[in-house]
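Numbering (my numbering), first residue to last: 3 to 326.
Virtual Cβ for every residue (Gly too), placed ideally from N, Cα, C.
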């Protein structure tokens with residue numbers, strides 16, 4: 003079997019950093035779109051007295067916060083050859099000794115800021131839910147939507163749906179082109195936001211035509227629950243990544259693939275973790291005692307190459323024991 007040489011850290015680092023910077027530039031467009039839609043929908047909600055449209059507007063506001071925080075994380079993660087880590091000084095000797103580990107630590111800031119974005123999104127969802135429940139509890143009569151006010155609110159939500167659908171297509175294209183997880187997440191969030199706006203349009207139509215004012219408020223609570231659920235999921239996934247949790251089923255696939263190699267007697271230990279979007283792997287394997295140093299070196303290179311090509315593992319740290 004022909005094995006290509008695994009690229010060194012600088013070859014791995016360069017395309018990752020370029021991808022991070024390019025993704026950050028594209029996300030500026032997301033911020034501008036979400037800001038514009040938030041203003042339009044908030045004005046439409048006040049004029050049309052629509053709680054659902056107001057909830058949709060704040061859903062777009064959460065998109066501004068989450069995108070802005072993600073961009074901050076991408077900015078810190080893409081910095082290279084600096085003498086500090088998020089303002090904390092790094093001694094030249096320590097930076098030289100740690101090597102790529104400094105940059106890998108920077109990559110984790112993307113996850114940290116994603117966690118903060120999830121927290122803010124969850125807080126916005128809770129605020130929408132509380133306002134909706136209080137409206138039901140106080141039983142304050144809703145203002146009837148006039149045809150003109152209803153039309154304005156419906157147009158605002160419809161415009162948001164169309165714009166977000168276009169933005170989703172834009173994010174989806176560049177996420178595939180750059181193979182960037184941040185843009186992939188932005189693409190998924192934009193698609194669900196577009197569906198939320200479409201739901202808001204239908205809610206306003208039902209409210210205007212059937213005069214079911216409670217339905218508008220009920221949908222606003224539902225949208226609040228949706229935003230809370232999305233923020234909680236982001237918070238959970240980011241928290242798990244930060245504490246080095248990794249899918250055990252995927253680790254089992256790694257272990258079985260390494261164990262299939264002829265020279266490997268046993269996989270004693272294996273643990274994977276994320277540095278930002280990069281998968282790092284540590285493994286301890288048992289090999290026959292007759293193996294020479296050259297054969298062990300070739301085996302380590304083979305494992306690194308296989309894990310990189312087949313699973314996208316950027317770095318595999320292999321320890322060898324010959325007691326097998």
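First through last residue of the alpha helix (DSSP H) which encompasses residue i
| i | result |
| --- | --- |
| residue 255 | 250 to 261 |
| residue 304 | 295 to 313 |
Boundaries (first-last residue) of the beta strand (DSSP E) holding residue i
| i | result |
| --- | --- |
| residue 269 | 268 to 277 |
| residue 286 | 280 to 288 |
Pair within 8 Å by beta-carbon distance, residue i and residue j
| i | j | result |
| --- | --- | --- |
| residue 43 | residue 29 | no |
| residue 322 | residue 269 | no |
| residue 165 | residue 272 | no |
| residue 21 | residue 280 | no |
| residue 169 | residue 32 | yes |
| residue 225 | residue 57 | yes |
| residue 203 | residue 160 | yes |
| residue 131 | residue 227 | yes |
| residue 260 | residue 305 | yes |
| residue 324 | residue 293 | yes |
| residue 45 | residue 66 | no |
| residue 285 | residue 315 | no |
| residue 173 | residue 194 | no |
| residue 120 | residue 265 | no |
| residue 196 | residue 167 | yes |
| residue 297 | residue 274 | no |
| residue 200 | residue 163 | yes |
| residue 188 | residue 49 | no |
Residue-level contact to chain D via CB, residue i, 8 Å cutoff
| i | result |
| --- | --- |
| residue 188 | The displayed structure is made up of one protein chain only, and chain D is not part of it. |
Where residue i falls, given that 16 or more other Cβ within 10 Å makes a residue buried
| i | result |
| --- | --- |
| residue 245 | exposed |
| residue 177 | buried |
| residue 262 | exposed |
| residue 135 | exposed |
| residue 51 | buried |
| residue 276 | buried |
| residue 53 | buried |
| residue 400 | With the chain covering 3 to 326 only, the question about residue 400 has no answer from this structure. |
| residue 34 | exposed |
| residue 295 | exposed |
| residue 299 | exposed |
| residue 2 | Absent from the structure is residue 2, since the part of the chain shown begins at 3 and ends at 326. |
| residue 78 | buried |
| residue 63 | buried |
| residue 41 | exposed |
| residue 111 | buried |
| residue 60 | buried |
| residue 26 | buried |
| residue 100 | A caution first: residue 100 carries a pLDDT of 47, below 50, which makes its placement in the model unreliable, though a value can still be read off. Under this definition residue 100 is an exposed residue. |
| residue 334 | Outside the shown range of the chain (3 to 326) lies residue 334, about which nothing can therefore be said. |
Counting Cβ pairs, one atom from each stretch, are 3 or more of them under 8 Å apart for the region 121 to 140 and the region 225 to 238?
-> yes
Three or more C-beta pairs closer than 8 Å, one from the region 60 to 72 and one from the region 114 to 121: is that the case here?
-> yes
Where in the region 174 to 214 do unbroken runs of the alpha helix (DSSP H), each at least 4 residues long, occur, reported from the N-terminal end onward?
-> 183 to 212
Whole alpha helix (DSSP H) elements within the region 35 to 86, 4-residue minimum = Residue ranges of uninterrupted alpha helix (DSSP H) with 4 or more members, entirely inside the region 35 to 86 and ordered along the chain, are 53 to 79.
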